[in-house]
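What follows is a single structure, written as structure tokens, with notes after it.
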Amino acid sequence: MEPKTVHSVFFSPTGTSRAIALATSRGMGGKTEALLDMTCKAPEPPPFSKKDVVVVGMPVYGGRLPQAAVERFQSLEGKGAPAVAVVVYGNRAYEDALAELCDLCTAQGFKVVSAAAFVGQHSFSSKELPIAHGRPDGRDLGRAEQFGIQAKELLGNNRFLDLEKVPGDRPYKPAMSPSVAATATDPEICSQCGACAESCPVQCIEMESGMPQTWQDRCIWCMACVQRCPTGARKIVLPKIYESAKHLHTHCQPRKEPEIFPALQTALFDTQSEK
Ligand SMILES: Cc1cc2nc3c(=O)[nH]c(=O)nc-3n(C[C@H](O)[C@H](O)[C@H](O)COP(=O)(O)O)c2cc1C
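Numbered per my numbering, the sequence shown spans residues 439 to 713.
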């Protein structure tokens, strides 16, 4: 079946889940494409139908999905539309996040065709302490496109995923619950452009008399504000995050590769590339 519209639905504070979702959607083809960016606000739900396909991309936070992403996705009604579920993690582990995303899609009325965990640059990565820096790279994006091509084939054969095959425990591990802001602004360097406030998925930064003020209890530690700040004024100030980055930098160096369910039929792609 050629999907009518391929919808890329994502929550992606630092852009890696977005990149993988879009590459997967490219592989799926489809007559038209649509973007549903849930990063900073709840989406306007389009009327999905069984003829559409939805590629859902979310990051992994503490081996689970970010609560804000889950809540926004819960405003969608699948109405039986096929879904391709993708989580993106920072080269440590994705634990229960992929199982959680597959369950979430099913609970919202989508039918999961295939699922995958890809690696993206860790949100806590920096020049000083790189963690999966620069990922997804060309190889990851190529795999995501192949994953999309295979998902389209599975859909054409009316095959859906056996969710028991997706790794993860049920009940899931407890979710992270940050209760203090991880970042703050250095007033000496801040240009007062407001990019940090604009990029915050949970609106925990407000511009007051030109300077960013951060609500302590809303921050989800996503690092979008640090990444988006053009002058480097937005910084990690929570020692716990710096310690975690040091630990991850030391212990999560070996490159992990995407995991795809059902496994990517590489033979199929090798044959195609020889033609
Ligand atoms: C609060 C928080 C918790 C995270 N927890 C994990 C984790 O458990 N395992 C992991 O490998 N990466 C973890 N990461 C890294 C992100 O999953 C990774 O950087 C992802 O690519 C970010 O997606 P985005 O670019 O779409 O925001 C975490 C990142 C943040 C901000």
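Backbone N, C-alpha and C fix where the C-beta goes; we use that ideal spot for every residue, glycine too.
Cβ neighbours of residue i in the same chain (closer than 7 Å, five flanking residues each side left out)
{"i": "ASP490", "result": "PRO441, LYS442, THR443, HIS445, ALA519"}
{"i": "ASP624", "result": "ALA671, LYS673"}
{"i": "LEU676", "result": "VAL618, ALA620"}
{"i": "GLU697", "result": "ALA554, ALA555"}
{"i": "LYS630", "result": "One detail in the question is off: residue 630 reads as Gln in this sequence, not Lys. So the list reads GLY648, MET649, once near-sequence residues are dropped."}
{"i": "HIS560", "result": "GLY528, ASN529, ILE569, ALA570, LEU686"}
{"i": "PHE562", "result": "ILE569, MET661, ILE679, SER682, ALA683, LEU686"}
Boundaries of the alpha helix (DSSP H) in which residue i is found, first to last residue
{"i": "GLU697", "result": "No alpha helix (DSSP H) contains GLU697, which is instead part of the beta strand (DSSP E) from 697 to 699."}
{"i": "GLU681", "result": "677 to 689"}
Residues near residue i by beta carbon distance below 6 Å, same chain, minus five either side
{"i": "VAL550", "result": "ALA521, ALA523, CYS540, CYS543, LEU599"}
{"i": "GLU712", "result": "At GLU712, the pLDDT of 41 sits below 50, so the modelled position is not reliable; the number obtained from the coordinates is stated separately. Cβ within range, chain order: n/a, list empty."}
{"i": "CYS478", "result": "PRO639"}
{"i": "GLY558", "result": "THR454, VAL526, ARG573, PRO574"}
{"i": "SER637", "result": "ALA662, CYS663, ARG666"}
{"i": "TRP653", "result": "CYS642"}
{"i": "LEU473", "result": "SER446"}
{"i": "LEU514", "result": "PRO483, GLN546"}
{"i": "GLY495", "result": "PHE448, SER455, ILE458, ALA459, VAL524"}
{"i": "ALA480", "result": "ARG510, SER513"}
Under the three-state DSSP convention, the category residue i falls into
{"i": "SER446", "result": "strand"}
{"i": "MET661", "result": "coil"}
{"i": "GLY465", "result": "helix"}
{"i": "LEU503", "result": "coil"}
{"i": "GLU471", "result": "strand"}
{"i": "VAL493", "result": "strand"}
{"i": "VAL498", "result": "coil"}
{"i": "ALA459", "result": "helix"}
{"i": "THR454", "result": "helix"}
{"i": "ARG693", "result": "coil"}
{"i": "PHE486", "result": "coil"}
{"i": "GLU515", "result": "coil"}
{"i": "GLU440", "result": "coil"}
{"i": "GLU712", "result": "In this prediction, GLU712 scores a pLDDT of 41, lower than 50, which makes its location untrustworthy; the coordinate-derived value is nonetheless stated afterwards. GLU712: helix per DSSP, three-state reduction."}
Residue-level contact to chain B via CB, residue i, 7 Å cutoff
{"i": "ASP541", "result": "Of the chains in the structure shown, none is chain B; there is only one protein chain."}
Contact set for residue i: own chain, Cβ-Cβ below 8 Å, skip 5 residues either direction
{"i": "GLY516", "result": "PHE486, VAL492, CYS543, GLN546, GLY547, PHE548, LYS549"}
{"i": "GLN651", "result": "ILE643, GLU644, MET645"}
{"i": "PRO616", "result": "CYS657, ILE658, TRP659"}
{"i": "LYS611", "result": "GLY500, GLY501, ARG502, GLU533, ASP534"}
{"i": "THR470", "result": "LYS442, THR443, VAL444"}
{"i": "SER552", "result": "VAL522, ALA523, PHE585, GLN588, ALA589, LEU592, LEU599, ILE698, PHE699, PRO700"}
First and last residue of the uninterrupted beta strand (DSSP E) at residue i
{"i": "LYS673", "result": "672 to 674"}
Any non-hydrogen atom of ligand 3 closer than 6 Å to residue i Cβ
{"i": "VAL492", "result": "Ligands in the displayed structure: ligand 1; ligand 3 is not one of them."}
Worksheet item: Fully enclosed by the segment 596 to 658, which beta strand (DSSP E) runs are 3 residues long or longer?
Response: Qualifying beta strand (DSSP E) stretches, in chain order: 621 to 623, 643 to 646, 649 to 652.
Worksheet item: Enumerated in chain order, which unbroken segments of the alpha helix (DSSP H) with a length of 4 residues or greater are wholly contained in the segment 518 to 597?
Response: The segment 518 to 597 contains, as complete alpha helix (DSSP H) runs of 4+ residues, the segments 535 to 545, 576 to 594 (chain order).
Worksheet item: Any contact of the segment 581 to 589 with the segment 694 to 703, i.e. 3+ C-beta pairs under 8 Å?
Response: Short answer: they touch.
Practice prompt. For the segment 452 to 459 and the segment 569 to 583, state whether three or more C-beta atom pairs, one from each stretch, are separated by less than 8 Å.
Written response: yes
Discussion item. Closer than 8 Å is the cut-off here; do at least three beta carbon pairs connect the segment 680 to 699 with the segment 625 to 633?
Written reply: no
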